[in-house]
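In full-length UniProt numbering, the protein residues as written are 1 to 585. All remarks here apply to the structure that follows.
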C-alpha cells in the first residue's frame, strides 16, 4: 500500500490504521507527518508496524517512511541509509539466498526543494529484483488517461521500464507474495490496532471507500477526517480524566519523552564502513562489540588469596522476604520462559527453580548518536521473573550490609537506600562553595567505566567480595549467579543462536547494580575527593590557582587509570571531562 499523507497527522494515522484493517504488510508513506523538532526524530507510529527511516539523523525533513507489519515471518533489513531524505531502501529474504529490494521513493514536484532527486535515484537503480513504489509526481497518459499535459521527466521513466523490461506492479507484488507464502506460514493472530480507532471511524472509513470507488465523493472525506479527530480527542481526554494516581500521571508526562524507534540502520564494522547490513551479521557484530569485549585473559585465577577486612553477619531469609521479592513485583518483562509475575503468584506453592537464560534486547542509547556505530546501542537482558526473586532478595541484603558495615566509600551512591544523586550533588556543591568562598580554585574531572556491567570480571569480583568479608555461602551464591549464563540476542525481529556469557553482570538483574558498586569500591578510596554514581567517577581538587589545580587533577586521574589497569577495569577515555570553577578575573 502506498500513500502520500501530505504532512498531515490525521492522514498519516488513517493510512496506518487502514493498512492494519485491510491486512496490508508493507506501507510506503510519502510526506509523512513529523515533529517540528527534527532532532527528536518523531513521527506517527502504530503498535503493529515497524518503521524505517531514510536518515540516521534528521538534519532535514524526511519525505518518505516505510512501515512493515510485525510477526508476519518477514524479516526486513535496511542496506542503505542517508542516501537521500526522499528514499527508503529495504531488503527482504526471498529464500535460497535471494533477496528482493523494496524502494520507497518521493520525487519532489516543481518549485520544491530537491526537484527531480527521487527520479534520479529511480533511474540509477540496479538490475537486481526490486519493487519500487512511491509518489513520483509525474504526469503521463500511460497511468492517468484523464490528464491533459505530460511531464517531460515521465518519458525517461517509461524508457527505463522498457529498457529493463520491468513488469506491472501487480505482477511484482504477486511474485513477492508467492515467495513469502512458500517460505513462511502466515500468522493467524491479528494485532489490536490503534487504541483510539472506534466504530464511528470504521463506519466513516467504509463510507469514504465506497464513495471513492463509485466516483461520488461528497462530504465523505471530510466526515472521515472529522471522525478521526473526534475519536483521537475523546480517547486522549478520557486517558487524562482517568489519571487518578501518580502512576497514570507519570505515563502522561512520558508521552512527551517517548523516543521514536526506527529499525537499526547498517552498522559500521571493523573497516569503519557501514557495510554490516543483514540482521544475523548485525547480531554477531553487537555480540562481539558489546558482550565479548572483555576476555578472561584480563581476569585473575579463581583461588587468588586474600585477607578479609571485616566479618559481615548474614541471616537466613524468611518466607515473607522470599514471597515479597518474588511475587509482589508489580511489573517486570518476562524472559525466555515467558513466565510473568502474575503466573508466579498463582503457582507459588510448587515453583522453586532458577533460570539463567536471558533474551538480550538491543536498545538505542538516548541522545544524538551515530546509529551506525555498535556502541550507540545498549544490551538489556530480559531475565526470568522467577530468577529475579532470589536476585532481588540478595540485592536488598547486599545493600543493607554494604551501608551498615561501611563497605562502600563515603561518596559512592546508586543502588543503595539513603544515598541518592541529590545527596551526591549537594555534597559536591557544598565543597565547591567553600573553596570559592575562600578565594580558591575548584576543578573536577569525570571519567566513565567502560562497559560498566559488561566489564565486570567474574574471578576479580569474587576476590573483591572475599576481601570485603562477605560470608562464604553468600560468595557461593554469587559464583552460581555468574557461572553458566547463556543468552540470545533479539534485534529487529531477528533472534540469534544461544551463546554463553563468559564475563559481566546481566543488565536487567536486581543484583547487578549493587554487585557493580562492590566491584569498583576500592577506586573510590584512592583519594578522599572522589565521588561515584554508578559507573561515573568524579574527582574534586581545590588549589590556589588554575595551574596547581590542573596539576592535582592530572595526578588524581593518573592514579585512577593506574588502579584500573592493575585491577582489570577499563575507562572510556573519550568521555573524560574537565571543568574549573573560580571567581578570579
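Beta carbons are placed, not taken as given, at the ideal position from N, Cα and C, and that holds for glycine.
Taking residue 131 as the reference, give the member of 10, 103, 283 with the closest Cα.
103
Measuring CB to CB, does residue 70 end up less than 8 angstroms from residue 493?
yes
Measuring alpha carbon to alpha carbon, tell me which of 526, 496, 546 ends up nearest residue 281.
496
Quick check: what's the CA-CA separation for residue 19 versus residue 35?
22 angstroms
Below 8 angstroms CB to CB, which residues in the same chain sit around residue 169 once its five sequence neighbours on both sides are set aside?
The predicted position of residue 169 is uncertain, since its pLDDT is 41 and thus under 50; no value can be drawn from it.
Looking at residue 136: is its Cβ nearer than 8 angstroms to the Cβ of residue 114?
no
With H, G and I counted as helix, E and B as strand and the rest as coil, what does DSSP make of residue 373?
Annotated three-state conformation of residue 373 is coil, per DSSP.
If we require 4 or more residues per run, which alpha helix (DSSP H) segments fall completely within the region 388-475?
421-437, 458-468
State the CB to CB distance for the pair residue 553 and residue 539, rounded to an integer number of angstroms; the pair is presumed to be in contact (CB under 8 angstroms).
At roughly 6 angstroms, the Cβ-Cβ gap stays under 8 angstroms, so residue 553 and residue 539 are in contact.
May I have the straight-line CA-CA distance separating residue 5 from residue 108, to the nearest angstrom?
If you take the alpha carbons of residue 5 and residue 108, they lie about 14 angstroms apart.
Expressed to the nearest angstrom, what Euclidean distance is found between the alpha-carbon atoms of residue 401 and residue 407?
8 angstroms
If you follow the alpha helix (DSSP H) that residue 252 is in, where does it begin and where does it stop?
From DSSP, the alpha helix (DSSP H) with residue 252 extends over 246-253.
With residue 520 as the anchor, note down where its beta strand (DSSP E) starts and where it stops.
Residue 520 -> not in any beta strand (DSSP E); alpha helix (DSSP H) instead, spanning 512-520.
Count the other C-beta atoms from every protein chain shown that fall within 10 angstroms of the C-beta of residue 562, then say buried if there are 16 or more, exposed otherwise.
Exposed.
Let me know the secondary structure DSSP gives residue 564 once reduced to three states.
helix
What would DSSP say about residue 172, mapped onto helix, strand or coil?
Since pLDDT at residue 172 reaches only 40, below the 50 mark, its modelled position is unreliable, and no value is offered.
Taking contact to mean 3 or more Cβ pairs, one atom from each stretch, closer than 8 angstroms, check whether the region 417-426 and the region 462-482 are in contact.
no
Assign residue 483 to one of three DSSP states: helix, strand, or coil.
Three-state result, residue 483: coil.
Specify whether the region 433-449 and the region 529-544 touch according to this definition: at least 3 beta carbon pairs, one from each stretch, less than 8 angstroms apart.
yes
How would you label residue 440, buried or exposed, when you count the other beta carbons within 10 angstroms and need 16 or more for buried?
Buried is the call here.
What three-state label does DSSP hand residue 209 in the structure shown?
helix
Apply the 10 Å Cβ neighbour rule to residue 229 and answer buried if 16 or more other Cβ atoms are within range, or exposed otherwise.
Exposed is the call here.
Can you give me the C-alpha to C-alpha distance between residue 576 and residue 291, rounded to a whole angstrom?
23 angstroms
Straight-line CA distance for residue 84 to residue 122?
Spanning the two alpha carbons is a distance of roughly 12 angstroms.
Short of 8 angstroms in beta carbon distance, which residues of its chain neighbour residue 504, apart from the five on each side in sequence? Order them along the chain.
291, 294, 451, 453, 454, 455, 456
Quick check on the burial criterion: 16 or more other C-beta atoms within 10 angstroms. Buried or exposed for residue 112?
exposed
When we look at the beta-carbon of residue 565 and count the other beta-carbons within 10 Å, is it buried (16 or more) or exposed?
exposed
Does the Cβ of residue 377 have 16 or more other Cβ atoms within 10 Å, making it buried, or fewer, making it exposed?
buried
Who are the near neighbours of residue 578 in its chain, counting only those whose CB is closer than 6 angstroms to its CB and skipping five residues on each side?
Hits under 6 angstroms: 445.
With DSSP collapsed to three states, give me the class of residue 217.
coil
I want to check one thing, is the minimum distance from the CB of residue 312 to the heavy atoms of the ligand NAD below 7 angstroms?
Looking for the ligand NAD in the displayed structure turns up nothing, as the structure carries no ligands at all.
Roughly how many whole angstroms lie between the Cα atoms of residue 283 and residue 274?
Answer to the nearest angstrom: the Cα atoms are 14 angstroms apart.
Might you give, ordered along the chain, the residues of its own chain that have their beta carbon closer than 6 angstroms to the beta carbon of residue 500, omitting 5 neighbours on each side?
486
Which whole-angstrom value is the C-beta distance of residue 1 and residue 24, which I expect to be below 8 angstroms?
4 angstroms
Go to residue 110, then tell me how far its beta strand (DSSP E) extends in each direction, as first and last residue.
Per DSSP, residue 110 belongs to no beta strand (DSSP E) and is neither H nor E.
Which same chain residues end up closer than 8 angstroms to residue 91 when comparing Cβ atoms and leaving out the 5 residues on each side of it in sequence?
Exclusion of the five residues before and after residue 91 leaves 76, 77, 78, 79, 99, 100, 101, 102, 277, 278 as the residues of its chain whose Cβ lies within less than 8 angstroms of its Cβ.
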